[in-house]
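Our numbering puts the first residue of the sequence shown at 12, with every later residue one more than the last.
Glycine included, every Cβ here is placed at the ideal spot set by N, Cα and C.
Some notes on the structure that comes next.
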Amino acid sequence: MKVRATMEGLYPNSTPYGEDWLRRYPGDVFTLFPRTINVVEVRTQRVTGQRELTVDEQFSDTWMEPVDPMTPEILTSAPKALKRATEDIKISRRPS
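Given below as structure tokens:
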């Protein structure tokens with residue numbers, strides 16, 4: 012399922028070395044994919060097994076909206092997000 016971030020959120024990006032959690036910025040378009048997660052016992056903090064986390068379980072209507080599967084992926088880098096935030100601050104401080 013392909014989604015667009017409507018506000019900042021965190022979503023993992025799979026790499027050959029495991030998962031890196033990436034910050035997704037408003038307007039970013041990315042694909043949700045099934046993932047295997049560890050099941051942890053709360054009291055002992057021991058891993059008791061693994062289970063598949065489906066795409067539907069990962070979707071959050073709080074900060075994601077579905078988009079057409081043909082929409083190109085867009086990922087904002089941290090420097091670009093910082094630049095955008097700085098510009099927003101400058102614009103809001105200009106005298107009217």
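At the level of alpha carbons, what is the spacing between residue i and residue j?
i, j, result
"R15", "L21", "13 Å"
"T59", "V50", "6 Å"
"T140", "D39", "No answer is possible for residue 140: the residues shown for the chain start at 12 and end at 107."
Please decide whether residue i counts as near chain E, where near means a Cβ-Cβ distance under 9 Å.
i, result
"T65", "This model lacks chain E altogether; it includes just one protein chain."
Could you check whether residue j and residue i sit closer than 9 Å to each other, using their CB atoms as the reference points?
i, j, result
"M12", "P37", "no"
So the alpha helix (DSSP H) residue i belongs to, where does it begin and stop?
i, result
"E68", "V66 to Q69"
In three-state terms, what does DSSP make of residue i?
i, result
"T73", "coil"
"D31", "strand"
Over what stretch of residues does the beta strand (DSSP E) that includes residue i continue unbroken?
i, result
"I48", "R46 to V51"
"R15", "K13 to A16"
"V40", "V40 to T42"
Measure the beta-carbon distance from residue i to residue j and round it to whole angstroms, keeping in mind my assumption that it falls under 8 Å.
i, j, result
"F44", "R35", "No, F44 and R35 are not in contact; Cβ-Cβ is about 14 Å, not under 8 Å."
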